[in-house]
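Only one structure is covered here, and it is reproduced in the block below.
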Amino acid sequence: MEYPDIVSQLVPIVIEQSNRGERSFDIYSRLLRERIIFVTGPIEDHMASLITAQLLFLESENPKKDIFMYINSPGGVVTAGLAIHDTMQYIRPRVGTVCIGQAASMGSFLLSAGEPGMRVALTNSRIMIHQPSGGAQGMAADIEIQAREILRMRSRLNALYAKYTGKPIEEIEAAMDRDKFLEADEAKEFGLIDEVFDKRPDAGEDGETRAGDVTPA
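This is how it looks when you write it as structure tokens:
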């Protein structure tokens, strides 16, 4: 049995009672009702499709209510990450981002792309940025085409990191030349996030603490 199959069998089921009877949800579906999305594991096309579908669904449910995206990812495919990124920017609700564990490579990119003021990392999170990488084989002309595409993608990502961090493009290029690991406080200083939390903020005016609330009181 493969590891993902084992994990899928261990996902908790939440049972709720209502006047219509008993309903059960897996824990992720229940949290989706609270407008919480998880970006967990490698970022690839299938995962990106699931994330974008959840974003679009939550927009259709309520286009004015915030969405919160919890990220614990080593990164992955650039185009898959850009699909999630572009959907975050496209939809009407604000999307807050929260790093739990790690946000590396495209994970850190999505973390930085959250709504300004709503980008958070928990205390012991690790954030890593670097330039995109790739390989090519075949005829020399094909390898040259692939190399130009990687350089184009690097330039595009650098420009977006500069936009989200407020750093000069030259500083971004220097920082991303090799793997750059940052603790949560360092990521805040760099501009990738806005806050570092060790505890959830105080309850809102109605006295309720909501599952997705990561914004300062």
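Numbering (my numbering), first residue to last: 13 to 229.
By construction, the Cβ of each residue, glycine as well, lies at the ideal position given by its N, Cα and C atoms.
Just so we're clear, the structure is a prediction, and the values are computed from it rather than from any experiment.
Opening and closing residue of the alpha helix (DSSP H) in which residue i lies
i: I184; result: I181 to A187
i: T177; result: A152 to T177
i: G108; result: First-last for G108: V107 to A116, but that is the beta strand (DSSP E), not the alpha helix (DSSP H).
Local Cβ density within 10 Å of residue i, reported as buried at 16 or more and exposed below that
i: I27; result: exposed
i: A60; result: buried
i: P144; result: buried
i: G129; result: exposed
i: A159; result: exposed
i: S30; result: exposed
i: S120; result: buried
i: R131; result: buried
i: S124; result: buried
i: S36; result: exposed
Nearest residue (CA-CA) to residue i, options the options
i: A133; options: E46, I205 and I48; result: I205
i: G108; options: D38, M151 and L67; result: L67
i: R168; options: R212, H97 and R104; result: H97
i: L70; options: A153, F202 and I103; result: I103
i: A63; options: R35, L94 and D38; result: One detail in the question is off: residue 63 reads as Ile in this sequence, not Ala. Comparing Cα positions, the closest option is L94.
i: P105; options: P54, E161 and R47; result: R47
i: M165; options: E198, A92, E195 and A199; result: A92
Sequence-distant residues of its chain with Cβ nearer than 6 Å to residue i (five each side left out)
i: D210; result: T135
i: G88; result: P54, I55, E56 and M118
i: I184; result: N170, Y173 and A174
Residue i - partner residues in DSSP beta bridges
i: S72; result: Answer is none; S72 lacks a bridge partner.
i: K192; result: I141
i: T99; result: DSSP output for T99 lists no bridge partner at all.
Cut-off 7 Å between Cβ atoms - residues of its own chain near residue i, not counting five sequence neighbours on either side
i: I181; result: N170, A171 and A174
i: H142; result: S117, M188, R190, D191 and K192
i: N84; result: T52, I112, G113 and Q114
i: I39; result: V23, P24 and V26
i: Y15; result: Note that Y15 has pLDDT 42, beneath the 50 cutoff, so the model's placement of it is unreliable and no number is given.
Within-8 Å CB hit, residue i to chain C
i: T109; result: No chain C is present in this structure, which holds just one protein chain.
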